[in-house]
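Residue numbers (this note's numbering): 367 to 517.
Below is one structure, written out as C-alpha cells; comments come after it.
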C-alpha cells in the first residue's frame with residue numbers, strides 16, 4: 367500500500383542542521399532507494415554547501431522560496447523563486463548556493479544516490495571518495511606512479 371507523506375508532519379530523524387543550513391530528507395522519509403529528494407533551508411548570509419562537483423551524482427535544483435546567488439563553474443548567477451537548473455554528473459560542474467537575500471532560501475534538491483561518487487572541492491583542493499568514506503588533498507597525489515605491474 368502506498369503511504370502519502372506531508373512535509374509538515376515528517377518523522378523524527380528526517381532532517382539535519384548544518385549550522386545556518388537545514389536539510390529535510392523527503393526521499394529518505396518516503397523510502398526512496400535510488401533517488402534523493404531534499405529541501406534545503408539556507409539562512410540569509412549562509413552557503414548551502416562547500417563549492418563542489420560530483421563524478422557520478424546527477425542533480426536538479428528548484429528554488430522554492432527566496433532569492434540568492436548560484437555559483438557554478440566559477441560564475442555567479444542571481445536566482446529566485448521558480449528558477450531551476452539540472453547539473454549532469456561527471457562534467458566537473460562545481461556549484462554552491464549562497465543566500466544573498468533577506469529571507470530563508472528554500473531549495474528543492476534532487477538527484478541520484480550513487481555509492482561510487484567522488485566529490486571534488488576545487489576551492490580547497492580536496493576530493494572525497496565516497497566508497498572509502500575518506501577525504502584526500504589533491505596536492506598529495508603521487509607523481510609518476512602507475513598501476514602497471516611491470517614498470
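Using N, Cα and C, we set each Cβ at its ideal position, and we do this for glycine too.
It should be emphasised that the depicted structure is a prediction, and the values quoted were computed from it without experimental measurement.
Across the set 505, 442, 397, 491, the C-alpha of 397 shows the shortest separation from the C-alpha of residue 368. Secondary structure of residue 374 (DSSP, three-state): helix. Between residue 373 and the set 389, 384, 383, 385, the nearest pair of CA atoms involves 389. Around the beta carbon of residue 420, a 10 Å sphere encloses 16 or more other beta carbons of the protein chains shown; the residue is thus reported as buried. Minimum Cα-Cα distance from residue 392 among the listed residues 385, 380, 399 corresponds to 380.
Per DSSP, reduced to three states, the secondary structure at residue 430 is strand. Look at residue 491 here: in three-state DSSP terms it is coil, with no helix or strand label. Nearest C-alpha to residue 429 among 493, 467, 439, 400: 467.
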